[in-house]
Every structure is written in C-alpha cells, then in structure tokens.
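Visitor: Heads up: the sequence shown begins at 13 in our numbering, then just goes up one per residue. Ideal placement from N, C-alpha and C gives every residue a C-beta, glycine not left out. Got a structure for you, written out below as structure tokens; questions coming shortly.
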Amino acid sequence: MNEKVTIATLGRMKEQGEKIAVITAYDAGFARLCEAAGADVILVGDSLGMVVQGHESTLPVSVAEMVYHSAMVKRGCSRPFIIADMPFMSHGTPAQALDSAGRLMKEGGAHMVKIEGGEPQVETVRHLTRRAVPVCAHLGLLPQSIHQLGGYKVQGREPHSAEAILKDACQLEEAGAQMLVLECVPELLAREISATVSIPVIGIGAGPGCDGQVLVLHDILGITPGRTPSFSQDFMQEAGSIEGAIRAYVDAVHQGRFPTAEQSFQ
Ligand code: KIV
13 MNEKVTIATL GRMKEQGEKI AVITAYDAGF ARLCEAAGAD VILVGDSLGM
63 VVQGHESTLP VSVAEMVYHS AMVKRGCSRP FIIADMPFMS HGTPAQALDS
113 AGRLMKEGGA HMVKIEGGEP QVETVRHLTR RAVPVCAHLG LLPQSIHQLG
163 GYKVQGREPH SAEAILKDAC QLEEAGAQML VLECVPELLA REISATVSIP
213 VIGIGAGPGC DGQVLVLHDI LGITPGRTPS FSQDFMQEAG SIEGAIRAYV
263 DAVHQGRFPT AEQSFQ
C-alpha cells in the first residue's frame, strides 16, 4: 500500500483485475488528501481551466500553468503516479510536443503526460515514447476539440465511429502509449477496448468494464458550478467531509462499486 505506484504497478493491477482509482488534483493540499485516501494515480487535468480558473472550456490553459499545478501536486504527495495533461496547442508537432512534455516532466515532476486524440497523434506518441516520455492516450470525447464536436456528447455510438475509436486505441498502443483514458463512450465499446489492448484503460463516462476510473475532484466534492455530469457522483452528500468523500470514491472504485450502469452510456 505504501510503495510508490509505477506504470509497472498499474500494468500488474490490470493483469490481476484490480481496479485502478484515478482522481484529478491541482495543488499540494488536495494531492495530499488524494494520497491519504489511497488514490493510485493523480491526474493534473487541464480540466483545471474550468474548475479552478473559471474558463468555459479547457482551451485557454497553457503549458506554464500545467507546469505550475503539476509541481504543486508533486510536492504534495509521494506514492501516487502523476499524469499531467498536455494542454491545447502544446502538441501541434512532435517537436513541440517533446518540448512541452519535457517541461511537464522536468519542471512539473509528472511521471507521464496525457495527449488527447487518435490517429493524428500516433506519430507524436511514437516520437515521445521513443525518447523516454511515457504517454497516456485519451480517446472518445475530447474536450480540447469541443468546438469541432459542437458539445460534450457521447462518442462512438455509431458502428463506424466505434470501430475508429477501437482502431485508434490499438494504433496508439502500438506507438508506445502505456495508458489510455476513454471518455464518454458506450459501456460495451469501452469493455471491448479494455479487453483488446494490454495497457490499462481508465474510463470516465465509459462504464464499469474499464480497468480503472477517473473523476474530476470538484465533481466528487459537489462544487463544480452547474450540474454534476451524469457519469459522475457527488460523494460529499453521504460522506460529509472532503477527506471522507475522496476516500469513499477511491474505495468505491477499488471495490468495483463505481461506476455502475447508472453512470454509463449505452
Ligand atoms: O482534464 C481532465 O481532468 C481530464 C479527465 C476528465 C479525464 O482529462
């Protein structure tokens, strides 16, 4: 329990069918609470643009801001594996991506970087992973593409789009990605992808068939402005304290009690 979580730990958890609990955090204080609650992975998500900075989308977040928040998270915890998001326009070319990822790892202390996108990112993922940058891919709903998508909608409901997401997952794994986040895709598709690739698949709005789950901290605490997304849960309502809510989420993921069909899409 106290050993540092590494990518090898996460791979073993997938092999052994142990669910991986991932939570976002953006500063040292919350990173400490997430570690104390037993989170395996902390994601310094560019969701901070919305839940911390108050923007309408994640698009305005800069590499410098991601470095700033990642470094705070790094100082607040020692056991969890830390993934930092590559923000919008930080990975337009493989060379730019390497530069951004280098900053997130060297200055921000991240153990891995996460990149949104499928086939167009394959070359970039290969470029990074061949240069010792561990990469988590991100498929399904891509918040950085919100203006192309026209809204935060479930992806992969049509047979051709489901097939494309599965194909992208395989290509990204082949290019060296060592983890995959699947956001807002039908439960059956997520289950199929998790069974097909050998890397850990972490779902959000992707049902209980993934190898693990990630939620945005502010959703868990019920403090996201507006409505809590249907695939999320306000754990504060029952827990009554911040520590209790984070622990209730982590325990529910580890014990396979979250997510359920209620938080899934068909
Ligand atoms: O930015 C973020 O927090 C994310 C998760 C929603 C997966 O990418």
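Mind checking if Met248 is an interface residue toward chain C, Cβ cutoff 8 Å exclusive?
Guide: Here there is only one protein chain, and chain C is not present.
Visitor: Can you give me the Cβ contacts of Asp283 inside the same chain, cut-off strictly under 6 Å, excluding the 5 residues immediately before and after it?
Guide: In the structure as shown, the chain starts at 13 and stops at 278, and residue 283 therefore has no counterpart that could be examined.
Visitor: Going by beta carbon distance, what residues of the same chain come within less than 6 Å of Val209, once the five residues before and after it are set aside?
Guide: For Val209, where only same-chain residues beyond five positions count, the Cβ hits under 6 Å are Ala181 and Glu185.
Visitor: Can you find a heavy atom of the ligand KIV that lies under 7 Å from the Cβ of Leu71?
Guide: No; taking the cut-off as 7 Å, the Cβ of Leu71 has no heavy atom of the ligand KIV nearer than that.
Visitor: Which whole-angstrom value describes the C-beta separation of Ala96 and Glu119, a residue pair presumed to lie in contact below a C-beta threshold of 8 Å?
Guide: With 8 Å as the limit, Ala96 and Glu119 do not qualify as a contact, their Cβ atoms being about 10 Å apart.
Visitor: For the alpha helix (DSSP H) that contains Ala176, what are its first and last residues?
Guide: That run of the alpha helix (DSSP H) goes Pro171 to Glu186.
Visitor: In this structure, how does DSSP classify Asp97 when only helix, strand and coil are distinguished?
Guide: Asp97 falls in the strand class under three-state DSSP.
Visitor: Can you find a heavy atom of the ligand KIV that lies under 7 Å from the Cβ of Leu116?
Guide: For the ligand KIV, not one heavy atom lies less than 7 Å from the Cβ of Leu116.
Visitor: From this set, Cys89, Gly88, Val137 and Met25, which residue's C-alpha is nearest Gly104's C-alpha?
Guide: Ranking Cys89, Gly88, Val137 and Met25 by Cα distance to Gly104 puts Val137 first.
Visitor: Among all the DSSP beta bridges, which residues are the ones paired with Glu195?
Guide: For Glu195, which the question treats as bridged, DSSP gives the partners Gly152 and Ile216.
Visitor: Pick from Gln275, Ile158, Ser242 and Leu227: whose alpha carbon is nearest that of Ala257?
Guide: Answer by Cα proximity: Leu227.
Visitor: Quick check: the segment 201-215 against the segment 246-256, are at least 3 beta-carbon pairs closer than 8 Å?
Guide: Because the criterion of three Cβ pairs below 8 Å is not met, the segment 246-256 and the segment 201-215 do not touch.
Visitor: Considering Val137, what are the terminal residues of the beta strand (DSSP E) in which it resides?
Guide: No beta strand (DSSP E) contains Val137, which is instead part of the alpha helix (DSSP H) from Val134 to Thr141.
Visitor: Can you grab the Cα-Cα spacing for the pair Leu60 / Met98, in whole Å?
Guide: Spanning the two alpha carbons is a distance of roughly 12 Å.
Visitor: Of the choices Ala107, Gly50 and Asp111, whose alpha-carbon is the least far from that of Phe93?
Guide: Nearest option by C-alpha distance: Gly50.
Visitor: Mapping the DSSP letters down to three states, classify Ala49 as helix, strand or coil.
Guide: Three-state DSSP puts Ala49 in coil, outside helix and strand.
Visitor: Got a sec: does the ligand KIV put a non-hydrogen atom nearer than 7 Å to the Cβ of Gly66?
Guide: No, since every heavy atom of the ligand KIV falls outside the 7 Å radius drawn around the Cβ of Gly66.
Visitor: Under the criterion of a Cβ to heavy atom distance below 7 Å, does His150 qualify as lining the ligand KIV?
Guide: Under cutoff, so the answer is yes.
Visitor: According to the neighbour-count rule (16 or more other Cβ atoms, all chains shown, within 10 Å of its Cβ), is Thr36 buried or exposed?
Guide: Thr36 is buried by the Cβ-count criterion.
Visitor: Should Leu55 be listed as close to the ligand KIV, given that the test is whether its C-beta is under 7 Å from any heavy atom?
Guide: Because some heavy atom of the ligand KIV lies under 7 Å away, the Cβ of Leu55 counts as near it: yes.
Visitor: Can you tell me whether Arg24 is buried or exposed? The criterion is at least 16 other CB atoms within 10 Å of its CB, across all chains shown.
Guide: By the 10 Å Cβ count, Arg24 comes out exposed.
Visitor: Quick test of your reading: Glu199 and Ala218, contact by CB under 8 Å. State the CB separation rounded to the nearest angstrom.
Guide: About 7 Å; that satisfies the 8 Å criterion.
Visitor: Can you tell me which of Cys89, Arg169 and Gln275 puts its alpha carbon nearest to the alpha carbon of Lys16?
Guide: Nearest of Cys89, Arg169 and Gln275 to Lys16, Cα basis: Cys89.
Visitor: Check this for me: beta carbons of Gln156 and Glu131, under 8 Å apart or not?
Guide: Their beta carbons are not under 8 Å apart, which means Gln156 does not touch Glu131 by this criterion.
Visitor: Quick one: is Pro220 buried, meaning 16 or more other Cβ sit within 10 Å of its Cβ, or exposed?
Guide: By the neighbour-count rule (16 or more Cβ atoms within 10 Å), Pro220 is buried.
Visitor: Using DSSP bridges, identify the partner residues of Leu60.
Guide: Per DSSP, none; premise fails for Leu60.
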